Amino acid sequence: MTAEPRAAALTIEGLRVSIGGHDVLHGVDLAVEAGRVHGLAGESGSGKTMTGLAVLGLLPHGSRASGRIAFGGRDLLGMPARVLDEVRGAKIAMVFQDPATSLHPMLTVERQLTEHMRHHLGVGGREARDRAAGLLAKVRIPGPREALKRYPHQFSGGMRQRIAIAVALACDPEVLIADEPTTALDVTVQAGILRLLRGLCDDLGLAVLLVTHDLGVMSAVADEVSVMKDGLVVETGPRGRVLREPRHPYTRSLLDALPVPPAGENSP
Amino acid sequence: MIMPLTGPLLSVEDLVVEHRTPGRPVVRAVAGAGLQVAAGEVVGLVGESGCGKSTLARALCGLHGAASGRILVGGHPVTPLGLRRRNPALTGVQMVFQDPYSSLNPRRRVGAQIADGLRTAGDTATSPADVLERVGLPRAFAGRYPHEFSGGQRQRIAIARALAARPSLLIGDEPISALDASAQAQVARLMRDLAMESGAGLLFISHDLSVVRLIADRIAVMYLGKVVETGPTAEVWADPRHPYTRALLAAIPSPDGAGVLPAELPGDVPDPADPPAGCRFHPRCPLAMDVCREREPDFGPVACWLHEPEPSSLS
Numbered sequence: 101m102t103a104e105p106r107a108a109a110l111t112i113e114g115l116r117v118s119i120g121g122h123d124v125l126h127g128v129d130l131a132v133e134a135g136r137v138h139g140l141a142g143e144s145g146s147g148k149t150m151t152g153l154a155v156l157g158l159l160p161h162g163s164r165a166s167g168r169i170a171f172g173g174r175d176l177l178g179m180p181a182r183v184l185d186e187v188r189g190a191k192i193a194m195v196f197q198d199p200a201t202s203l204h205p206m207l208t209v210e211r212q213l214t215e216h217m218r219h220h221l222g223v224g225g226r227e228a229r230d231r232a233a234g235l236l237a238k239v240r241i242p243g244p245r246e247a248l249k250r251y252p253h254q255f256s257g258g259m260r261q262r263i264a265i266a267v268a269l270a271c272d273p274e275v276l277i278a279d280e281p282t283t284a285l286d287v288t289v290q291a292g293i294l295r296l297l298r299g300l301c302d303d304l305g306l307a308v309l310l311v312t313h314d315l316g317v318m319s320a321v322a323d324e325v326s327v328m329k330d331g332l333v334v335e336t337g338p339r340g341r342v343l344r345e346p347r348h349p350y351t352r353s354l355l356d357a358l359p360v361p362p363a364g365e366n367s368p
Numbered sequence: 003m004i005m006p007l008t009g010p011l012l013s014v015e016d017l018v019v020e021h022r023t024p025g026r027p028v029v030r031a032v033a034g035a036g037l038q039v040a041a042g043e044v045v046g047l048v049g050e051s052g053c054g055k056s057t058l059a060r061a062l063c064g065l066h067g068a069a070s071g072r073i074l075v076g077g078h079p080v081t082p083l084g085l086r087r088r089n090p091a092l093t094g095v096q097m098v099f100q101d102p103y104s105s106l107n108p109r110r111r112v113g114a115q116i117a118d119g120l121r122t123a124g125d126t127a128t129s130p131a132d133v134l135e136r137v138g139l140p141r142a143f144a145g146r147y148p149h150e151f152s153g154g155q156r157q158r159i160a161i162a163r164a165l166a167a168r169p170s171l172l173i174g175d176e177p178i179s180a181l182d183a184s185a186q187a188q189v190a191r192l193m194r195d196l197a198m199e200s201g202a203g204l205l206f207i208s209h210d211l212s213v214v215r216l217i218a219d220r221i222a223v224m225y226l227g228k229v230v231e232t233g234p235t236a237e238v239w240a241d242p243r244h245p246y247t248r249a250l251l252a253a254i255p256s257p258d259g260a261g262v263l264p265a266e267l268p269g270d271v272p273d274p275a276d277p278p279a280g281c282r283f284h285p286r287c288p289l290a291m292d293v294c295r296e297r298e299p300d301f302g303p304v305a306c307w308l309h310e311p312e313p314s315s316l317s
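First to last, the sequence lines map onto chains Z and H. Quick note on numbering: the first sequence equals residues 101 to 368 in the numbering used here. Quick note on numbering: the second sequence equals residues 3 to 317 in the numbering used here.
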């Protein structure tokens with residue numbers, strides 16, 4: 101990969117992961133910059149999600165990772181779990197695909213928003229509640245104070261994903277890893293979540309690693325696009341270049357496989 | 003297979019389906035929906051989650067009783083499923099459910115589950131392996147259990163099971179949303195091809211508009227329990243007339259690399275237990291007029307006061 105013009109918030113170099121002796125990542129290089137959305141595209145099974153999970157040390161049991169994941173001058177891969185716990189959830193947060201399963205069904209929204217906040221930041225109950233209400237307002241949940249007392253099942257899918265994003269933002273992270281954050285949602289709701297992600301990235305200077313298989317989503321919010329295939333990044337570059345003049349044949353075949361021709365003639 | 007001599011294969015008129023929960027207000031999930039599917043036709047039913055698509059599908063195959071309205075399949079009214087033997091005319095309605103992880107019995111071999119469908123149709127000549135072959139799976143899979151397959155393969159098995167019963171109407175209730183992106187288009191195309199091959203009608207329910215565009219002949223857009231626009235897919239796509247259809251299509255991000263954020267439809271789907279007065283879409287509609295707040299547009303093919311049919315064409 102070429103030299104970065106900006107300081108990268110998170111750099112992944114030569115990341116290799118094997119699960120049960122079977123290699124799933126063969127040396128992934130990625131750099132996510134502050135205030136930018138880095139999109140990671142590819143078919144299912146290409147290792148997109150594994151790359152995200154490796155950053156947070158959430159790889160399945162029996163997997164081995166090597167290479168380097170640099171964050172704030174430290175290598176996350178070599179870190180003992182206790183040190184890593186200070187980083188993950190606080191400095192690096194994750195949003196998962198399905199908000200119905202990533203939120204705890206039996207805890208109130210307040211509990212889920214404040215628990216890690218109180219642990220990582222050491223704030224008191226009242227302050228945590230105020231911050232939680234502020235976060236819900238930031239992700240545009242109507243009536244944030246009342247929403248705190250409710251349970252996830254009382255919200256629609258889009259609202260749940262907004263809450264999941266609020267949970268991820270609770271400790272002012274520097275890096276947000278969003279793994280297919282809109283795949284389970286309707287297009288109209290997806291549009292709202294994409295706008296929200298873009299806004300958070302611009303306003304808070306978040307570095308966002310957006311994992312998605314949807315090249316339309318990618319085109320809408322990502323600044324940089326990386327395309328993965330069989331555990332390798334085959335192409336990286338600015339959004340416009342990769343999606344309009346792909347250099348790698350695999351990227352071209354992905355674009356050609358789209359049901360809607362990429363001419364953008366679907367706007368009413 | 004029972005084929006109607008005249009009229010559409012499936013005809014839904016003013017269907018109302020209600021969910022009743024003790025201590026809660028009655029939810030009208032389907033509130034006067036109308037829909038028609040002809041034999042050999044693929045109709046795509048689209049809409050946001052919570053608009054009543056799945057409830058409509060469940061009512062069509064008798065899994066949910068209708069509060070009022072009519073559902074006719076080949077001229078026979080659909081009755082709720084019971085323990086008694088089902089009218090053979092109605093076994094022609096077969097459903098493929100959303101989640102192939104829960105719609106297949108984990109403790110029975112795949113072949114035995116497909117054989118159920120064959121028995122329903124009274125088909126003794128075909129073997130489950132033959133049906134598996136038609137959905138593009140090896141014949142040997144009949145002896146295996148569902149857990150040995152991936153999501154895409156399981157959905158093919160669920161399709162094989164529905165197909166074994168010789169359906170005259172195949173209903174797919176979000177059959178691709180639980181699948182990987184790469185398997186989605188394949189399974190959708192497979193359903194279309196198989197329905198076309200057997201001359202059956204296909205009602206394909208999905209919230210993924212790009213896939214519906216790919217396979218449907220006609221498209222029906224549903225909002226809060228009502229069908230608000232129907233028309234040939236290409237026509238609706240090129241010239242959506244209902245403001246809701248426009249908003250839906252505008253929300254699809256296009257992969258052109260331009261970095262344009264898709265248009266957002268403000269607000270959420272209203273609570274179906276307490277629908278707004280007048281047109282159901284008016285609180286979110288950018289073009290709402292006074293009449294929209296007062297009277298509900300109950301005409302087709304576009305249920306919107308902007309597209310009111312001429313009085314002459316009504317009479």
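Each residue gets a CB set at the ideal place from its N, CA and C atoms; glycine is no exception. Quick caveat: nothing in here was measured; it's all calculated off a predicted structure.
Annotation: the region 168-235 of chain Z contains the following complete segments of the alpha helix (DSSP H) (minimum length 4 residues), in chain order: 181-187, 199-202 and 209-221. Listed along the chain, the chain H residues whose CB falls inside 7 Å of the CB of L315 of chain Z are P257.
Excluding its 5 nearest sequence neighbours in each direction, V275 of chain Z has C-beta neighbours in its own chain below 6 Å: A109, L110, I192 and A307, listed in chain order.
Nearest CB-CB separation between G52 of chain H and chain Z: below the 9 Å threshold. A233 of chain Z is positioned such that its CB atom lies closer than 9 Å to that of L248 of chain Z.
In this structure, DSSP gives L74 of chain H an extended state, which the three-state scheme calls strand. Apart from sequence neighbours up to five positions away, the residues of its chain that approach S146 of chain Z with a beta-carbon distance below 8 Å are M328, K329, D330 and G331, ordered along the chain. Contact check for P82 of chain H against A41 of chain H fails: the beta carbons are separated by 9 Å or more. Distance from the CA of G54 of chain H to the CA of F171 of chain Z, rounded to the nearest whole angstrom, comes to 46 Å. Looking at the backbone, the Cα of L92 of chain H and that of A166 of chain H are separated by about 15 Å. Annotated as proximal: V39 of chain H and L171 of chain H, with beta-carbon spacing under 9 Å. Annotation for I207 of chain H: no alpha helix (DSSP H) segment contains it, though the beta strand (DSSP E) segment containing it runs G203 to I207. A Cβ of chain H is located within less than 9 Å of the beta carbon of A291 of chain Z. At least 9 Å separates the beta-carbon of G67 of chain H from that of S319 of chain Z. K329 of chain Z is bridged by DSSP to Z:L332. When secondary structure is reduced to three states using DSSP, G243 of chain Z falls in the coil class, being assigned neither helix nor strand. Judged by pairs of C-beta atoms under 8 Å, the region 244-253 of chain H touches the region 211-226 of chain H, as three or more such pairs exist.
Per DSSP, the unbroken alpha helix (DSSP H) holding T122 of chain H starts and ends at V112 to T122. Membership of G154 of chain H in any beta strand (DSSP E) is not indicated; the residue belongs instead to the alpha helix (DSSP H) covering G153 to A166.
Around the Cβ of L85 of chain H, a 10 Å sphere holds fewer than 16 other Cβ atoms; the residue is exposed. Considering only Z:L315, Z:L207, Z:T214 and Z:V321, the residue with the shortest C-alpha distance to R352 of chain Z is Z:L315.
Contact of D182 of chain H with chain Z by beta-carbon distance below 9 Å involves E143, S144, G145 and H313. Segment contact: the region 108-124 of chain H against the region 139-147 of chain H, three or more CB-CB distances shorter than 8 Å; contact assigned. It is roughly 11 Å from the alpha-carbon of L74 of chain H to the alpha-carbon of L17 of chain H. Cβ-Cβ separation between D123 of chain Z and E113 of chain Z: approximately 17 Å, too far for a contact (criterion under 8 Å).
Assignment of alpha helix (DSSP H) within the region 49-74 of chain H, counting only whole runs of 4 or more residues, yields 55-62 in chain order. Following the DSSP letters along the chain, one finds Q290 of chain Z in no beta strand (DSSP E) but inside the alpha helix (DSSP H) bounded by residues V287 to L304. Looking only at Z:L176, Z:A190 and Z:C301, the smallest Cα-Cα distance to V239 of chain Z is reached by Z:C301. For S256 of chain Z, there is no enclosing beta strand (DSSP E), as DSSP marks it with neither H nor E.
If you check each beta-carbon in the region 259-278 of chain H against every beta-carbon of chain Z, the ones closer than 9 Å belong to G259, A260, G261, V262, L263, P264, A265, E266, L267, P268, D270 and V271. Look at T283 of chain Z here: in three-state DSSP terms it is coil, with no helix or strand label. Proximity of the region 224-237 of chain H to the region 262-282 of chain Z falls short of the contact definition, fewer than three beta-carbon pairs being nearer than 8 Å. Spanning the alpha carbons of P242 of chain H and F255 of chain Z requires a straight line of approximately 30 Å.
The closest CA to that of P303 of chain H, considering only H:P311, H:G25 and H:P102, is found on H:P311.
In the DSSP assignment, no residue is bridged to G94 of chain H.
Put simply, the CB of R136 of chain Z is far from chain H, with every gap to its CB atoms at 9 Å or more.
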